[in-house]
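All remarks here apply to the structure that follows.
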Amino acid sequence: MALIVQKYGGTSVGSPERIKNVVRRVAKYKALGHQLIVVVSAMSGETNRLIGLAKEMQAQPDPRELDMVVSTGEQVTVGLVSMGLIQEGLKAKSYTGAQVKIITDSAFTKARILSIDEQNIRADLANGYVVVVAGFQGVDKEGNITTLGRGGSDTTGVAIAAALHADECQIYTDVDGVYTTDPRMVPEARRLKTITFEEMLEMASLGSKVLQIRAVEFAGKYRVKLRVLSSFAEEGDGTLITFEEDDKMEQAIISGIAFNRDEAKITVRGVPDKPGIAYQILGPVSEANVDVDMIIQNVGVDGSTDFSFTVHRNEFDKAIDILKNKVQNHIGAQNVVGDNKTAKVSVVGVGMRSHVGIASKMFRTLAEEGINIQMISTSEIKISVVIDEKYLELAVRVLHKAFDLDLESA
Ligand code: ADP
Ligand code: ASP
Ligand code: MG
């Protein structure tokens with residue numbers, strides 16, 4: 020007997036018919052003698068619908084109230100899944116995050132899980148229940164409902180698996196595993212049998228939304244056995260997230276290509292080239308809670324330089340506003356310019372540690388298509404470039420082919 024956490028995403032619980040499909044799978048595992056905790060998202064489209072309603076009331080919804088509204092999507096699906104299970108003759112019980120006592124900090128709309136009370140869940144499992152838990156939500160120490168950021172049900176699933184020392188956490192979604200890149204953009208993308216935890220962390224942070232980054236962080240920290248699977252296929256091994264030292268298989272140099280359309284670039288021109296300038300530019304930006312991603316400072320000429328960085332597209336106007344009103348005159352910069360039609364493309368692979376020439380291959384491939392690289396950043400296992408958004412799809416396709424990731428080259 021194993022303790023298994025199964026997380027089902029929005030599409031997998033998108034209609035009563037699909038929920039019945041989930042019920043069948045859960046019943047199958049239960050019949051094999053396993054203990055089951057099921058974590059579910061809201062029905063597909065529901066969270067967006069709720070955010071839309073909130074915005075009709077307030078252009079910038081109050082974060083506490085927004086969490087109150089958007090957390091309801093998951094409350095509906097846990098009840099429906101439990102009903103389906105009971106209808107099948109199983110014992111099942113649904114819980115909201117607050118009922119479990121998934122305690123988070125108070126950062127509404129992007130809260131972090133601090134602790135999970137396992138008592139109720141353990142007692143129910145011991146009594147033969149399937150426990151159905153609402154993903155994406157928790158409660159802070161004051162009793163306010165919080166949510167964990169978009170895609171946060173993945174994190175609920177992995178965090179519960181970690182807290183209860185589950186044997187496996189299975190993430191059921193609308194694709195049958197983690198692919199070399201988003202299969203919706205590149206039909207030649209291949210499913211990976213395994214991907215290392217580090218690579219998955221990079222892929223998730225660079226835009227592959229198949230797993231929320233915090234879910235991958237949790238899995239790494241608590242060594243949760245994590246697998247991504249299709250909720251629509253009867254069979255299949257999906258993709259197992261492995262730890263490098265355990266993964267003795269021959270690794271490809273590049274495992275995948277991630278992309279992100281949400282990047283916006285800002286340049287402060289004619290900045291005096293002297294100590295403290297980076298701080299004077301980025302200090303006010305970070306005080307306004309705007310996250311900065313890539314940063315480039317050019318070599319100064321005649322005592323002045325250009326300073327560029329990227330932010331999330333949603334925060335572009337806010338950042339430009341701060342720089343124009345609080346920074347530009349203060350530091351004596353020439354002007355502030357921006358481009359919010361940029362995108363980031365990244366190649367990821369642990370094989371980069373032991374192979375040279377990956378960067379030059381990436382740059383040559385993009386050059387051959389006439390795609391201009393605006394910014395570059397690297398880490399030990401990834402290279403990212405910022406390009407014009409209109410070339411994003413082309414860039415992903417040609418890189419996928421150049422690094423031998425296309426299906427036919429497997
Ligand atoms: P769920 O609602 O089940 O959580 P998501 O929409 O959050 O599903 O994540 C699954 C989607 O992630 C897929 O439909 C796919 O388009 C996208 N995706 C992006 N990158 C990848 C990748 N490398 N491998 C697989 N899927 C990916
Ligand atoms: N329902 C939430 C969202 O759409 C959480 C999730 O699906 O993981 O972001
Ligand atoms: Mg998701």
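All residue numbers for the sequence shown refer to my numbering, where the first residue is 20 and numbers rise by one. From the three backbone atoms N, C-alpha and C, an ideal C-beta is built for every residue, glycine too. In this text, all values refer to a predicted model and were calculated from it rather than measured experimentally.
- Between the region 370 to 389 and the region 230 to 241 there are fewer than three inter-stretch CB-CB distances shorter than 8 angstroms, so the stretches are not counted as touching.
- Fully contained in the region 107 to 176 are the following beta strand (DSSP E) runs of length 3 or more, in chain order: 111 to 114, 121 to 123, 132 to 135, 149 to 153, 156 to 158, 164 to 166.
- Contact annotation: the region 85 to 99 touches the region 110 to 121, with at least three C-beta pairs closer than 8 angstroms.
- In the three-state reduction of the DSSP assignment, residue 68 falls in the helix class, which pools H, G and I.
- Rounded to whole angstroms, residue 408 and residue 331 show a C-alpha spacing of 14 angstroms.
- Relative to the ligand MG, even the nearest heavy atom lies 6 angstroms or more away from the CB of residue 168.
- Under DSSP, residue 210 shares a beta bridge with 198.
- Closer than 6 angstroms to some heavy atom of the ligand MG: that describes the Cβ of residue 28.
- Per DSSP, the beta bridge partners of residue 215 are 261.
- In this structure, residue 369 places its C-beta atom within 7 angstroms of the C-beta atom of residue 218.
- Residue environment analysis places residue 43 among the exposed positions, since fewer than 16 neighbouring C-beta atoms fall within 10 angstroms of its C-beta.
- In terms of side-chain proximity, the C-beta atom of residue 310 is found no nearer than 6 angstroms to any non-hydrogen atom of the ligand ADP.
- Three or more Cβ pairs closer than 8 angstroms define a contact, and the region 59 to 77 meets that threshold against the region 27 to 36.
- Its chain contains 366, 368, 422 as the residues whose beta carbon lies nearer than 6 angstroms to that of residue 273, once the 5 sequence neighbours on both sides are disregarded; these appear in chain order.
- For residue 412, the enclosing alpha helix (DSSP H) starts and ends at 411 to 421.
- With respect to the C-alpha of residue 278, the residue from 393, 201, 315 having the closest C-alpha is 201.
- Per DSSP, residue 348 is one residue of the alpha helix (DSSP H) stretching across 347 to 350.
- The closest heavy atom of the ligand ASP lies less than 6 angstroms from the beta carbon of residue 61.
- In this structure, the beta-carbon distance from residue 309 to residue 328 does not fall below 7 angstroms.
- Each of 335, 314, 350 was checked against the Cα of residue 296, and the nearest Cα belongs to 350.
- Excluding the 5 residues flanking it on each side, residue 146 has same chain C-beta neighbours closer than 8 angstroms at 110, in chain order.
- At least one heavy atom of the ligand ASP is found less than 6 angstroms from the C-beta of residue 66.
- Its chain contains 127, 128, 164, 165, 166 as the residues whose beta carbon lies nearer than 7 angstroms to that of residue 86, once the 5 sequence neighbours on both sides are disregarded; these appear in chain order.
- When Cβ pairs closer than 8 angstroms are counted between the two stretches, the region 349 to 363 is seen to touch the region 282 to 302, the count reaching three or more.
- Minimum Cα-Cα distance from residue 261 among the listed residues 389, 347, 239, 189 corresponds to 239.
- Shortest gap from the CB of residue 203 to any heavy atom of the ligand ADP: under 6 angstroms.
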